[in-house]
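Down below is the structure, laid out as structure tokens.
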Amino acid sequence: MRRLLSLVILFLVIGWVTSKKTQYRTERINFIYEKALQHVTDRQNLARLEKELSGYDAIYLATKSNRQGNSGTKELDKIDDKLAKILEKYGLEKTVMAFKEKYKHKNLLQQTDENEPLPSGKFADENLQKLWIQAQNGKFSHQELHSLHGELKEVERKMRVYEDQLEDFKKVPHENSVHHDIEHIGEATKKLKAANRELNDHLDEVHRRVTSEEFSPFSEPRVKRLWKLAQENQKLSMHELSVLKDELSHFENQLKKIEFHKEEVSRLQEDAEEKGKAQVYENLELSIKHEKLNRKARKLEKYLEEKIIVHREL
């Protein structure tokens with residue numbers, strides 16, 4: 001009976017949490033509230049946040065029903081900015097941008113036509129352009145490539161924001177200046193660090209996704225490792241990376257041949273006893289040949305690895 005009562009209480013609690021997570025009418029506010037349940041532990045703070053989110057839930061709903069074109073989008077952006085400032089005191093200011101990025105890419109995947117050509121314009125930043133080419137060389141679907149291009153464009157925008165913040169920071173009078181203002185310097189430094197952190201976090205996320213072994217153009221683990229090592233090497237040019245990819249393809253073909261040869265040797269060894277000494281000698285020759293192929297592959301692997309490492313150290 002006691003156990004049954006405990007289970008009932010547990011289900012009631014789960015039901016309460018689930019209903020709380022979806023208590024708002026807009027996806028945006030429900031997304032933020034789910035994050036709040038994970039991070040805001042103080043019950044009084046959570047109660048205050050719930051009240052503020054309810055107000056913004058109504059504002060978003062009214063704005064969406066009355067929105068017209070670009071003016072409606074700009075109005076939503078203004079509301080997002082105000083909400084982000086309120087969420088700062090709860091440590092949740094990044095959730096607004098997280099929601100926008102999540103649903104932007106989700107919508108992009110839903111709207112992209114399989115026949116729609118990939119963007120052909122180059123990125124001004126060499127590292128972003130390299131990531132874009134690497135993505136195209138991977139196993140991403142057409143829709144995923146469109147999504148990745150959008151993410152890289154967003155990183156490019158954040159680069160411009162950081163550069164603007166850096167220029168503003170340089171204009172602030174510093175310690176040796178007559179117009180030195182500690183508060184002004186502190187605010188400028190805070191903005192610069194925030195822009196830099198946001199840029200680097202997003203760039204790292206895209207880089208991890210592009211260089212993930214899951215999307216490698218190769219199937220052999222040894223080749224995947226070398227390709228990942230090459231992709232992480234910022235000193236390899238586009239041409240060098242392309243040449244290396246061809247060499248790795250050759251290496252992978254060798255490994256596949258060795259694997260096939262190994263299976264053949266194993267199969268013959270299994271029935272060696274039935275066919276006598278002649279078969280044993282034949283198996284011995286195949287084993288020697290197999291070891292030669294293995295040595296050749298190990299040498300090629302070492303050569304390719306050293307080639308990548310030398311470029312990294314230059």
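Residues 1 to 314 in UniProt numbering are what the sequence shown spells out, letter by letter. We put the CB at the ideal spot given by N, CA and C, even for glycine. This one's a predicted model, so the numbers in the text were calculated from it and none came from an experiment.
Just mark residue 29 as buried or exposed, buried being the case when its beta carbon has 16 or more other beta carbons within 10 Å.
-> Answer is buried; the Cβ neighbour count reaches 16.
Around the C-beta of residue 230, are 16 or more other C-beta atoms found within 10 angstroms, so that it is buried, or is it exposed?
-> With 16 or more other Cβ atoms within 10 Å, it is buried.
Contact under 8 Å by Cβ, residue 300 with residue 251 | Yes.
With 16 other CB atoms within 10 Å as the buried threshold, where does residue 32 fall?
-> Residue 32 counts as buried, since no fewer than 16 other beta carbons sit within 10 angstroms of its beta carbon.
Whose C-alpha, out of 193, 255 and 218, is nearest the C-alpha of residue 290?
-> When the alpha-carbon of residue 290 is set against those of 193, 255 and 218, the nearest one is in 255.
Residue 162 vs residue 199 beta-carbon contact at 8 Å = Result yes, Cβ atoms of residue 162 and residue 199 sit closer than 8 Å.
Can you tell me which of 210, 258 and 158 puts its alpha carbon nearest to the alpha carbon of residue 147?
-> Closest option to residue 147, judged by alpha-carbon separation, among 210, 258 and 158: 210.
Identity of the residue in 63, 26 and 89 nearest residue 42 by Cα | Selected option, being the one with the closest Cα: 89.
How about residue 304 and residue 241: are their beta carbons less than 8 Å apart?
-> For the pair residue 304 and residue 241, the CB atoms are not nearer than the 8 Å cut-off.
Please look up how many angstroms separate the CB atoms of residue 128 and residue 156, rounded, as I've assumed it's under 8 Å.
-> Confirmed, about 6 Å.
Give the single residue among 170, 196 and 159 whose Cα lies nearest to the Cα of residue 185.
-> For the residues 170, 196 and 159, the minimum Cα distance to residue 185 belongs to 170.
Residue ranges of each alpha helix (DSSP H) run of no fewer than 4 residues wholly in the segment 91–162, ordered along the chain?
-> Inside the segment 91–162, DSSP marks whole alpha helix (DSSP H) runs of 4 or more residues at positions 95–111 and 126–137, from first to last along the chain.
Got a sec, what are the start and stop residues for the alpha helix (DSSP H) residue 28 sits in?
-> Segment 27–39, the alpha helix (DSSP H) holding residue 28.
Can you tell me whether residue 308 is buried or exposed, with buried defined as 16 or more other CB within 10 angstroms of its CB?
-> Here residue 308 is buried: its Cβ has 16 or more other Cβ atoms, across all protein chains shown, within 10 Å.
If you count every other CB in all the chains shown that lies within 10 Å of the CB of residue 239, and 16 or more means buried, which is it?
-> Classification of residue 239: exposed, given that the 10 Å Cβ count is below 16.
Can you give me the Cβ contacts of residue 135 inside the same chain, cut-off strictly under 7 Å, excluding the 5 residues immediately before and after it?
-> Result list for residue 135: 145, 148 and 210, in chain order.
Option in 60, 40 and 51 with minimal Cα separation from residue 93 = Ranked by Cα distance from residue 93, the options 60, 40 and 51 are led by 40.
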